[in-house]
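Remarks on the structure that follows.
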Amino acid sequence: MKYWMDYNNMNNTSALFTDFYSLTMAQGYWKNGKKELAVFEMFFRSQPFGGGYSIFAGLETLLEKIINFSFSDDDIAYLKSLDVFENAFIDYLKTFRFNGTLWAMDEGTVVFPHEPLIRVEGGLIECQIIESLILNTVNFQTLIATKTCRIWLACGKGQVMEFGLRRAQGPDGAVSASRAAFIGGACGTSSTLAGKIFGIPVMGTMAHSWITSFDSEEEAFDAYASIYPDRTIFLIDTYDTLKSGIINAIKIGKKLALQGKNFGVRLDSGDIQYLSTEVRRLLDNAGLENAFITVSNDLDEHIIENLVREHAPVNTWGVGTRLVTGGNVAAFNGVYKLAAIQRNSGFTPVMKFSDNLEKTTNPAVKQVWRIKDKSGSVIADVMSIDNGDDNLKEGQRYSFWHPSADYRHFQHTIEGSVQPLLKKRIINGRLTGGQTSLNEIRSYAVSDLDSFDSTYKRLLNPHVYKVSITEKLRNLKLDLIEKHLGNRV
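Just so we're on the same page, my numbering is the position in the sequence shown counted from 1, plus 21.
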């Protein structure tokens, strides 16, 4: 069907892109006359990959979709055919648009569990219907941006090429992964479509089929170099890396050198450490010290970190499957919960209780503050009640409490800067500003990451970053626990 062939249609803004229970609840709200305003927050419960941080991604994609989120005539006809919704409610959906307000952190921000990344304010129905869109968009791109960042740091902030198109989870998964990977530190993508849409540099080498389509490996290399003398990378493991591939690459590479051109070789199998060391030695012995080595073959951050530790002479890294799929982590565990609802003239804070402590939410309309020391290094993130009275200020001393509202806390005088992280992105259904370029988002992610100590970024046993709540928010939470559970706690 043409629908699946067209990227823009595939990523359309049909409001059917929601879980069915969002629509049945929406009809329930509508039938019960529940027109009150509500505040929902999107946050996550634990870091993926056993890591110490995540990179918030997907915001610009989400904003574009939300402002155009609506039901087409075909969508309405489908809903009617289900024989679940009343005609009057169907009529209501015909003119549905998100007319609320959305707050979010800057895309590319380093983020941590329990703190709201996105805050949505609006009618119950509109907030409910966009839940699935928010979680689907942000969860996936944040997962891939975080995975890529781990890989990028593991190779010493080197050149990481995203090669995941053929292994990604469908067309949208592939394109979204390319975007998120660039935010996380990838320098380019193999996806031509992602290059066109997002302006990401497109990169690639050659396939084994190119080489086997010629009578000899040398002939294949020579033909490729004659066509692309300025971007030649020889794939040298088709027959035998050391006895054939590198020998022929050196022959043709010397021809390129005489033209003042450089080239690279790519390893896609075998013992990468041993082969890259031998290939480097042979290239250097041939006087081709500037030739570079690219490696691929099911790489991830742990393999790359080991190769770097063993001084494997690798210049660029092609990472595919384990980057665009998240590797051993299938999904980012972001959730979307009600934090406050309109009662009479104001908002009443609400919270979810659970037998699992980590699933108990923090109530109220909240702001997140990032505290830095005088040198600009990040110290902690703190959630407060966003009512003006609980705002954090430089020079003040505070008691900050663990989000679980238990006894753990610390006192701190803010001697550096303190910044609110949630900013208005949509007001009354309209974007508040222009689009941020992908290069700007990537640069911001890099600079934000640099403000954190290396102990939070290590792969093994990273230091746990402090995410706290103010004393006022803690007291509110304890009051709600007492109100709803009483002597049961």
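All C-beta atoms, glycine included, are put in the ideal place defined by N, C-alpha and C.
Where residue i falls, given that 16 or more other Cβ within 10 Å makes a residue buried
i    : result
M332 : One point to set straight first is that residue 332 is His, not Met, in the sequence displayed. Its Cβ having fewer than 16 others within 10 Å, H332 is exposed.
E147 : buried
G416 : exposed
I204 : buried
G121 : buried
Y99  : exposed
A149 : According to the sequence displayed, residue 149 carries Gln and not Ala. Buried, by the Cβ-count rule.
Q440 : exposed
N157 : buried
V488 : buried
H514 : Because residue 514 is not part of the residues shown, which for the chain are 22 to 510, the question remains open.
Q280 : exposed
G71  : exposed
V105 : exposed
L174 : buried
M26  : Confidence is the limiting factor: at M26 the pLDDT is only 39, short of 50, which leaves the residue's position unreliable, though a coordinate-based value still follows. The residue is exposed, with fewer than 16 neighbouring Cβ atoms inside 10 Å.
Y295 : exposed
I232 : buried
I248 : exposed
I490 : buried
F431 : exposed
A201 : buried
T253 : buried
For residue i, the first and last residue of its enclosing beta strand (DSSP E)
i    : result
I512 : Any answer about residue 512 is impossible in this case: the structure gives the chain only from 22 up to 510.
E183 : Q180 to E183
P340 : Residue identity check: residue 340 is Val in the sequence provided, not Pro. Residues T337 to V340.
F313 : F313 to V316
Q589 : The requested residue 589 does not occur in the structure, where the chain is confined to residues 22 to 510.
R463 : Counting along the chain, R463 falls outside any beta strand (DSSP E), though it belongs to the alpha helix (DSSP H) covering L459 to D471.
V439 : V439 to P441
Opposing strand residues paired with residue i [DSSP bridges]
i    : result
I447 : L123 and L452
H433 : Y419
E142 : V60 and T122
R66  : Partner(s): none; R66 has no beta bridge.
K387 : I406
Y357 : M63
K493 : The partner list for K493 (beta bridge, DSSP) is empty, contrary to what the question assumes.
K13  : Nothing in the structure corresponds to residue 13, since the chain is present only between 22 and 510.
S35  : S91
S75  : V132
P334 : For P334, which the question treats as bridged, DSSP gives no partner whatsoever.
V345 : In the DSSP output, where bridge partners are listed per residue, V345 has none listed.
Neighbourhood of residue i by C-beta, 7 Å cutoff - its chain only, sequence neighbours within 5 removed
i    : result
E359 : For the record, residue 359 in the displayed sequence is Leu; it is not Glu. Excluding residues within five positions, the ones whose Cβ falls inside 7 Å are A59, F61 and V371.
D469 : G129, T130 and V131
T453 : K445, R446 and I447
H229 : L256 and T259
K101 : I111
Y512 : Since the first residue of the chain shown is 22 and the last is 510, residue 512 is not available in this structure.
E436 : D394 and K395
S265 : E238
N354 : F65, R66 and S67
6 Å Cβ shell around residue i - same chain, five flanking residues per side excluded
i    : result
L506 : none
L303 : I267
Q363 : E57 and L58
D289 : D258, S317 and N318
N496 : none
L501 : M372 and P384
D321 : R343 and G348
S396 : none
V350 : P69 and F70
T381 : F374 and S375
Cut-off 8 Å between Cβ atoms - residues of its own chain near residue i, not counting five sequence neighbours on either side
i    : result
K493 : S405, I406, D410 and D411
R509 : Only weak support is given to the placement of R509: the predicted model assigns it a pLDDT of 48, under 50, and the value that follows is read from those uncertain coordinates. If we look at R509 and ignore the five residues flanking it on each side, it has no Cβ neighbours.
R451 : I88
I97  : I111, L114 and K115
T39  : I150, I151, E152, S153 and L154
S43  : Q149, I150, E152 and S153
Nearest-angstrom Cβ-Cβ length linking residue i and residue j, presumed shorter than 8 Å
i    : j    : result
M126 : F77  : 6 Å
A198 : V345 : 4 Å
I325 : I172 : 6 Å
A215 : M182 : In fact, because the Cβ distance is near 12 Å, the residues do not count as touching under 8 Å.
L83  : V159 : 6 Å
I139 : M63  : 4 Å
V356 : R66  : 7 Å
Start-to-end residues for the alpha helix (DSSP H) that takes in residue i
i    : result
D10  : Past the boundaries of the shown model lies residue 10; the chain is included only from 22 to 510, so the question cannot be answered.
Q48  : F41 to K52
F368 : Per DSSP, F368 belongs to no alpha helix (DSSP H); it is in the beta strand (DSSP E), G367 to P370.
L304 : I293 to N306
G205 : G191 to G205
R287 : Per DSSP, R287 belongs to no alpha helix (DSSP H); it is in the beta strand (DSSP E), G285 to L288.
Contact test: residue i Cβ vs the ligand GTP heavy atom, cutoff 7 Å
i    : result
S199 : With respect to the ligand GTP, the structure offers nothing, as it holds no ligand at all.
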